[in-house]
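Contents: one structure, followed by commentary.
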Amino acid sequence: MQVTVTVNGEEYTRDVDTRLLLVHFLRDHLGLTGTHWGCDTSNCGVCTVWLDGVPVKSCTVLAVMADGHAVRTVEGLERNGTLDPVQEGFVQCHGLQCGFCTPGMMLTARWLLDHNPDPSEEQIREAISGQSCRCTGYENIVRSVRWAAEHSTVEATK
Amino acid sequence: MSPAIGGTLARLDGRAKVSGSARYSGEVPIPHLAHAVLIGAPVANARITAVDATEAEQSAGVLAVLTHLNLPKVAMQPSLLPSLAGLAAPGHTFFPMQDDTVHYAGQHVAVVVADTLERAEHAATLVRIDYDTTPPVTLLEEIKDQAYEPQKIFGGLLPGRQVRGDIEAGLRDAEVRVEAMYEFAANHHNPIEPSTTTAAWDEVGRLTLYDGIQGPTSTQLTAAAFLGVPPAQIRVVSNYVGGSFGSKAMVWPHATLAAMAARHVGRPVRLALNREQMFTSCGHREQQRQHLTLGARADGKLVAVRHHKLSLTSHFDDWAEPSLQSPAIIYDYPNYEGIYRLGRGNINTPTFTRAPGEATGMFAMESAMDELAERIGVDPVELRLRNCSDTDPATGDPWSSSGLRECLERGAELFGWAGRDPRPRQRREGNWLIGTGMATAAYPHAQPVNPQRARARIYSDGSVIVEAGVSEFGTGISTAMTLVAADGLGVTVDQVRFAGGNTDMPNITAAVGSAGAGAASAAVHLSVTALREQLIGMAVADEQSPLHGADPAAVVVEGGRMALRDRPDAGETYSAMLQRKLVPDVEAIGNWIPPAQDVGHGMHTFGAQFAEVGVDAELGLIRVRRMVGVFAPGRVLNRRTAHSQLMGGMLWGLGQTLLEATRMDARSGRWANASLADYLVPVNADSPDVVVDTVEVHENVVNPLGVKGVGEIGVVGVAAAIGNAVYHATGYRARSLPIALDDILSQAS
Amino acid sequence: MRPISYSRVADVGTAVGTVTADPASAFLAGGTTQVDLLRIYVEQPRRLVDINDLPLRDIEELPNRGLRIGALARMNEVAEHPSVIDRSPLVSQALLLGASPQLRNMASIGGNLLQRTRCTYFRDVSTACNKRTPGTGCAAMDGVNRGHAVLGTSDQCIATHPSDLAVALVALDADVIAEGQRGRRSIPVHEFFLPPEDTPDIEHPLDHGELIVDVEVPPAPDGSTSLYLKVRDRESYEFALASVAVALRVEGGMVVEVRLALGGVATVPWRARRAERMLTGQPATTENFAAAAREELAPAVARGMNGFKIELACRTIVRALETVAPDGAR
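Chains as they are written, first to last, in the numbering used here: chain A, 1 to 158; chain B, 1001 to 1749; chain C, 2001 to 2330.
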């Protein structure tokens, strides 16, 4: 069936199989491969994107469910060639190694900071505990989000 | 100018990874791509009696259903050889879908190819396969009476038995003995990216494989051998890999199957393992049991160690991870016996899993050392110091470098170990019993056996490209190699671009066993050194150069400018010289020949781990509050990436200790928790406060830059440090990993 | 996933009518469990009726100091709603200790109550499971069953009910409001979750096509203190090995009123009525808490690997009661 999904502010209309998962729609139909796929069962969190302004796991959302809705992916974090403070934080604080979990982590982090601009370490840890990282040991991820909190401008979001 | 090596350069692939533009092996845009889905046998010990693919073949979008009935035979009878050898490196000596036998659950029995993933997945459920089944054997308990002593283990690399001195006499004469049995659950790597291969043949029969792998060449050579295609016709691209931890060290059949499927349907094919298939398709850390006896003098000096391991392997390979290697040599004692015993079961061949061997063997050793310390009333750190050896006890050779004493002392200081009350169950904070523990970490230094190569080229504008065929699976190797190249050539980091990730580039053996950085840095260092000598040679031979006639040895280079050491004003930049001479570029190859096996030195990496735990014994909860790890990994190329790897390794150790276990349903012979919902890995909320430090050692044996690597050592010893801390907190000695809530509940409250 | 059709509905009547008329259809809300189960063929409807556009997302305060929560309100919306935090902190706590933020943003309250068990055999279509395929047997009974239930089991099924929210709702005597072809009805939550007995495939009393529209949550007893305590291997993001929802009112050292429910150990969210009866009117002491806990777990049946849950449940009850009792009740 035909769906129209607004992704990172741009409307995309595509004819899709009703079984198609949002994660594969983004990756294979729109070429937005920054959203990754890792477990099929909504556990690892690498497929996290925003749906209507909140982070969700796109491996348990059908593409057809997103018809008429707005999605934000990692490709939509950057503004006019400037990295979001969260992205900058992950680079500066080495919040990544293999990078596979990174986009999902950052989307949750951005959402967290939008709602809680000055989160504690515990709040950060809890916010991203639905997302697994096997490389970093998480410490630098927490530091990256803190870095972003300390370097965020009011305009950085939305 | 300070050298780039040892600094804290932010990783150069950071921007690609945070912007989402880094493309992993399942993300390369290829027109007309078809999707392959593997079907795994739902039974573990069977013969296939019938296959009916009719419904699947007629299902919408299906291009092919391949089974043992129509898949071509592979051209090679596989042999098991670790990818570090640099040759074809299949994960097991078995290739699926060659006959009707099912050796283990999950074994690939069919491949379905369709025009979309959704259609391929659905069609896979329509393939009817009938099995004639026999009860499987999948547990240690079931094979322990039929276990045998293998000639060799670990892909033929190590002997099945190692002995020195007189173990019977040593144990008999010991004044103190500690003897215990240790149990280990199977573990799975669970990198967050499932293994994925995209295969595309061109019109003249050349194959491109986009494969997530620890070394592109290993896929190239393995696929070439299986397909009967010259390696020169196969190009493997592995630009970004979403974690591996050993699961992508060997080349498992799916990579070749993707190529076979693509050839069969005449279209490019992507084959991604799903998460469940990751539990049966790329090895695991085997379920095992270790029996360890320490004999010591009353002052704690070890005199004898007997260490036996029993583990489960497949029907076709003698695989055991080398759990006995480090415990055999980390301390100075004369009498030793290490024996591996194996039992065959209906499981896939196990494989390298981060800190392969040491993660388990050092848990046994360092738990027993903690018991010994308590028994004789010596502080655990002091006990290790008393047993430190300046030489490799197996050979008597000096260490190429050690640093163990310094790690123990520095770790104790950072952790605040001094003054610890050794008695268990003394500290309580509310419902939490608090305890501290420590352990030695050790990991043998592995070397590739074949030459390692890199190519360096400078352009007349001064920009430099350095290439070597390494994979970036998170370690930060590209960043580290940029630093090595900049220092070696005498240019700034921003003048250098390092490129890796495919087989067009000079060959580097797979980055496994913490050997990747050492091998690649050696090749890169030699390539830029050769280039620099060539450039200096050009300058001193050029009448128009301010350096004309100078002794090349008297020329130094900094920021891309060659100058006389004694007269810095006399000089010119590489760029100025090349432009004047109308030379567009200059290139050199670095060719590092690793030292032979017998270098007259013991080569090992050491470290020390400390942990503090809180145990809510009433509810069975163990929470690690903080960890300190200090390591001596030789030269650290980039502190930032190295520390991150070490820290990540320590969390792996935490996972192994408290959470990670793959449980077998012995009735079906299938893993009972093959998902990330049921196989628990640590989440962010589990990660404690971690301090990582390194101590400097003088290392000039292992490779030109003295790099021993940091991939594994961070894991080693964590389990024992935490287990010892749990003992200190509760008085309960855990000898089975993971330490389950159930055990604490019944034993420690 | 097998081929499936998809449509949206905008009002409850159409939703109910559409699904009622087609036995092969199913409602689709947040999808966090359902899409997963569709992918692994545990659920195989031919038609999905997306109800996310229905006006069932409001959270209202009721005159009795209770709450009415729309079935499509997302777990996070409910957990963070000021009225919920104020009036029903137990519900908020239970929600926040469940799943992860990304799932809670998507998962609905109605869907939470209807989520299926995490039993790995239920989720594996190649194994025997009476809940998934009645009459095939129960592979969990002698299988890897560390996570399975010890209370409310039958010889047909030992699957644990996974919801945290439901445990809190059972403690609070909430009502599930459903609308079907026969109209609207209110189902007391303790009647909503059906123990497996001989029909483990029947988990609730809803007819096919009957839709949960609201959940009504009465206030906790006056003067009580409440807590949701969840014990699990991992610090976060895991289903409970044992959990306790408690609301306790103590006066003069005596238990005046207590509500106690258990999660993670039973086939349904388990109201601990035996323990409640034993405690009411008794001194709030650890000894009495422990005796009540033992009484509640007396009928528990361990199988293979899950025996530890009996002791764990007892201790979790005691810890929860101690935590909310004045002065820790020692």
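The C-beta atom is built at its ideal place from N, Cα and C for all residues, glycine as well. None of these values were measured; they are calculated from a predicted model.
The beta-carbon of R2002(C) is placed less than 9 Å from the nearest beta-carbon of chain B.
By the CB criterion at 9 Å, T1509(B) and P1448(B) fall inside the cutoff. In the DSSP assignment, T1197(B) is bridged to D1211(B) and L1271(B). With respect to the 9 Å criterion, P1082(B) and A1088(B) are not classified as neighbours on the basis of their beta carbons.
Chain B places no beta carbon closer than 9 Å to that of T2267(C), leaving this residue out of the contacts. Burial of E2077(C) is indicated by the presence of at least 16 other C-beta atoms within 10 angstroms of its C-beta.
With fewer than 16 other beta carbons inside 10 angstroms of its own, L1582(B) counts as exposed. Secondary structure remark: continuous beta strand (DSSP E) runs of at least 3 residues inside the stretch 7-62 of chain A, in chain order: 10-15, 48-51 and 54-57. Every alpha helix (DSSP H) of 4 residues or more that sits fully in the stretch 1054-1121 of chain B is shown, in chain order, as 1054-1058. In the structure shown, the three-state DSSP call for A2159(C) is coil. Proximity of the stretch 1729-1745 of chain B to the stretch 1177-1193 of chain B meets the contact definition, three or more beta-carbon pairs being nearer than 8 Å. Comparing alpha carbon positions, the residue from V1102(B), D1742(B) and G1061(B) closest to D1115(B) is G1061(B).
If you draw a straight line from the Cα of W1319(B) to the Cα of Y1148(B), it comes to about 12 Å. Note on the stretch 2215-2265 of chain C: whole beta strand (DSSP E) runs with a minimum of 3 residues are 2225-2231, 2242-2251 and 2254-2263, in chain order. Assignment of E1027(B) by DSSP, reduced to helix, strand and coil, places it in the coil class. When the beta-carbon positions are compared, I1722(B) and L1654(B) come within less than 9 Å of each other.
Within the model, the alpha-carbon separation for V1710(B) versus T1605(B) is close to 9 Å. Between the alpha carbons of T1093(B) and L2227(C) lies a distance of about 56 Å. Against chain C, the CB of R1354(B) has no partner CB under 9 Å away; the residue lies outside that interface. When C-beta atoms of the stretch 1609-1628 of chain B are compared with those of the stretch 1471-1485 of chain B, fewer than three pairs fall below 8 Å, so the two segments do not count as touching. If you draw a straight line from the Cα of Q1290(B) to the Cα of A2178(C), it comes to about 58 Å. Put simply, of L2172(C), I2202(C), D2207(C) and E2197(C) the residue whose alpha carbon is nearest the alpha carbon of R2185(C) is D2207(C). Within a 10 Å sphere around the beta-carbon of L1158(B) sit 16 or more other beta-carbons, which makes this residue buried.
At least one CB of chain B lies nearer than 9 Å to the CB of A2139(C). Among the residues of chain A, those whose CB is under 9 Å from the CB of G2031(C) are T60, V61, L62 and M65, following chain order. Scanning chain C for C-beta atoms nearer than 7 Å to the C-beta of R72(A) yields nothing, as the closest lies near 13 Å away. Residues of the stretch 90-106 of chain A with a C-beta atom less than 8 Å from some C-beta of chain B are F90, V91, Q92, H94, L96, Q97, C98, G99, F100, C101, T102, P103 and M106, listed in chain order. The beta carbon of E2235(C) sits closer than 9 Å to some beta carbon of chain B.
Listed along the chain, the chain B residues whose CB falls inside 7 Å of the CB of Y2006(C) amount to none; the nearest CB is some 13 Å away.
Interface criterion not met: the Cβ of M1481(B) is under 9 Å from no Cβ in chain A.
Of all alpha-carbon atoms in I1330(B), L1292(B) and T1313(B), the one lying nearest the alpha-carbon of I1339(B) is that of L1292(B). Here P2162(C) is near T2117(C), since their CB atoms are less than 9 Å apart.
Note that the C-beta distance between V1613(B) and T1360(B) is not below 9 Å. At a cut-off of 9 Å, the C-beta of T1475(B) has a neighbouring C-beta in chain A. At a cut-off of 9 Å between beta-carbon atoms, T82(A) makes no contact with chain B. Going by DSSP, H1307(B) is part of the beta strand (DSSP E) stretching over L1302 to T1313.
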